[in-house]
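Those sequence lines, one after another, are chains A and Z. Sequential numbering of the first sequence, starting at 106, is according to our numbering. Sequential numbering of the second sequence, starting at 68, is according to our numbering.
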Amino acid sequence: DAGVIQSPRHEVTEMGQEVTLRCKPISGHNSLFWYRQTMMRGLELLIYFNNNVPIDDSGMPEDRFSAKMPNASFSTLKIQPSEPRDSAVYFCASSLRGFADTQYFGPGTRLTVL
Amino acid sequence: DQQVKQNSPSLSVQEGRISILNCDYTNSMFDYFLWYKKYPAEGPTFLISISSIKDKNEDGRFTVFLNKSAKHLSLHIVPSQPGDSAVYFCAASDRGGADGLTFGKGTHLIIQP
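Written out as C-alpha cells, the structure reads:
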C-alpha cells in the first residue's frame, strides 16, 4: 500500500523562478495538508484541504504561495516568484478522518532557492 | 505563542536504557496527542497516540503518558535501541476545533552504543 508520494524530492532553483511541488495522498484519505519545516520554526502548517476544498490557508506565508487540489488524488503547492527565504523542506500529509486525526507524511521536498 | 513545547532540543541515552521524551502544552482544549518519529531525509512517521480520556497508552517498547492536570505528556522508550535515534515530534489537536495538529519543534534522540 503506497504512502503519500511527493515530487520532486529535491529542487534547486534561482530566485524569481516559479516552483511547483506535487503530492499524491493515500488513496481513500479525505484530508490533505501542506507543511513547511525550517530549523527556526519547526513544522508549520501552510494549508489543508478537506474533500479537495481548502479549509484553512492562514498558514500560507504570502500571496506568492498558492495551493490547489483539483481531485482527490493530487495536490500542488506553487511558489511564484520564489525567494531564498523559501528554502525549506516541504511536507505533504494526508489523513483518513479529517484534519485533527492521525496524519501520514510524505518524504518531503527539499527546496533550495539560490 | 507556542502551544506545544518540547524543551529539550536533544537527548542522549545509552543503548538498553530508558529514553524519556517530554512535551508540554498550553491549550486545555487539546484532546488528542500524538508522537511522530523522523529520520533524516524522510517524512515524519506516526508512532503512537493517546486520547485525553486515557493517561497511558502502550505499544511494544513505546509508552505514552498523559498528565492532563500538568498539561504534560511523555514518551518512554524501553529498552532504547540504535534504530531509535531520530527526531521525535509531539503533536496535539482539539478534535472539536478547526486548527488541525499543532506540532512541537522536536527532540533529537541519540542512542549511544
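Don't be surprised by glycine CBs; every beta carbon is placed ideally from N, CA and C.
Excluding sequence positions up to five before and after E119(A), its CB lies within less than 6 Å of the CB of L219, all in the same chain and listed in chain order. Contact residues of the region 149 to 173 of chain A toward chain Z are E149, L150, Y153, I160 and D161 (C-beta to C-beta distance below 9 Å). With a threshold of 16 other beta carbon atoms within 10 Å, V158(A) falls short and is exposed. Within chain A, no residue has its beta carbon less than 7 Å from that of T174(Z); the closest one is some 11 Å off. When CB distances to chain A are screened at a threshold of 9 Å, the residues of the region 131 to 161 of chain Z falling below it are F156, A158, S160 and D161, in chain order.
Excluding its 5 nearest sequence neighbours in each direction, H175(Z) has C-beta neighbours in its own chain below 6 Å: S77 and V154, listed in chain order. In this structure, S199(A) keeps its C-beta atom at 8 Å or more from the C-beta atom of H115(A). Under the DSSP assignment, H143(Z) falls in the beta strand (DSSP E) whose first and last residues are H139 to I144.
Taking 8 Å as the Cβ-Cβ cut-off, the region 97 to 122 of chain Z approaches chain A at Y99, L101, Y103, A108, E109, G110, P111, T112, F113 and S116, given in chain order. The Cβ-Cβ distance between Q148(Z) and V80(Z) does not fall below 8 Å. Interface residue (Cβ-Cβ distance to chain A less than 8 Å): G167(Z) is classified as such. Measuring C-alpha to C-alpha distances from F210(A) to each of T125(A), L216(A) and Y195(A) identifies Y195(A) as the nearest.
Around the beta carbon of Q185(A), fewer than 16 other beta carbons sit within 10 angstroms, so the residue counts as exposed. P166(A) sits exposed, since fewer than 16 C-beta atoms from the chains shown fall within 10 Å of its C-beta.
Contact between the region 92 to 110 of chain Z and the region 156 to 170 of chain Z is present, with at least three C-beta pairs closer than 8 Å.
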